[in-house]
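>
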Amino acid sequence: MNSQIQLPRPNGGPSNFGATPSTRRNEVRMPRFFKRLFKFPQMDFEMAIWEIMSLIIAPKKVFRQIYYHKQTTKTYHRPDPSFTYLLSFFLTLTSLAWGFAYADGFTQTLHITLVFIFVHFLLLSLVTATLFYFLVGRLLGPGNSMLPGRRRGLYNLEGGEGKEELEFGYCWDVSIRAFVPVWVFLYVVQFLCMPLVGTNHW
């Protein structure tokens, strides 16, 4: 045996390979969504494009894909910001079209772009996700005595403890995906129908 090769030393406990060490599990950790926020090579933009197209044509396929994702990863949340980036990019193109058609100058076009992305999309999605995170957890949670039986599906089962917690990341995923039909009808279709409605829009 080579003298430079060392065998792993048994420590009397389970292996933490690929997981958080037991000494750090109780510390506050940054969510994986934010850790991958600027790691563009790790983002799955093909899946994000497929989800946007399927949300318009066949939303049931997206639900089925999320269900299969839950079966394989034990979580409903996908910590991949590619969908957020892609929909923000489409909103940028839409806002530029609105600005070039109806705004007066570059400043107003930039204002429309910032409002569309950071207020209409990101802020409202964050408010919606936060609101339903607390409402669903309080009204439809397993501790509600007014509901018959035990509610499953939205809740992530903690192994061995019988504790159920609603994932905030899943609420965020639902809120940004629910914005797709809003973007299609209120930003794209309405823009295409504006010449038929009138001329003075601003």
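Residue numbers (the UniProt record's numbering): 1 to 202.
All C-beta atoms, glycine included, are put in the ideal place defined by N, C-alpha and C.
Does the contact criterion of 3 or more C-beta pairs under 8 Å hold for the stretch 36-53 versus the stretch 80-93?
yes
> Taking DSSP as the reference, what is the three-state secondary structure of L37?
coil
> Any contact between the stretch 111-118 and the stretch 62-79? By contact I mean 3 or more CB pairs, one from each, below 8 Å.
no
> Name the residue from F185, C193, L126 whose alpha carbon lies nearest to the alpha carbon of V174.
For V174, the closest C-alpha among the options F185, C193, L126 is that of L126.
> Look up L166 in the DSSP assignment and say whether it is helix, strand or coil.
Strand at L166.
> Just how far apart, CA to CA, sit V188 and Y102?
14 Å
> Between the stretch 89-102 and the stretch 133-142, can you find at least three pairs of beta-carbon atoms closer than 8 Å?
no
> Name the residue from P59, L131, A58, W98 whose alpha carbon lies nearest to the alpha carbon of G169.
L131
> Looking only at C-alpha atoms, which of I49, M47, P81, L135 sits nearest to R36?
P81
> Run through DSSP, which three-state label would A103 get?
coil
> Just confirm the distance between the C-beta atoms of V180 and I56, as a whole number of angstroms; I'd bet it's less than 8 Å.
The Cβ separation is near 7 Å, so the contact holds.
> Mind checking which residues open and close the alpha helix (DSSP H) that includes W50?
45-57
> For a test of the three-state rule: what should DSSP assign to K74, helix, strand or coil?
coil
> Check this for me: beta carbons of Y76 and E165, under 7 Å apart or not?
no
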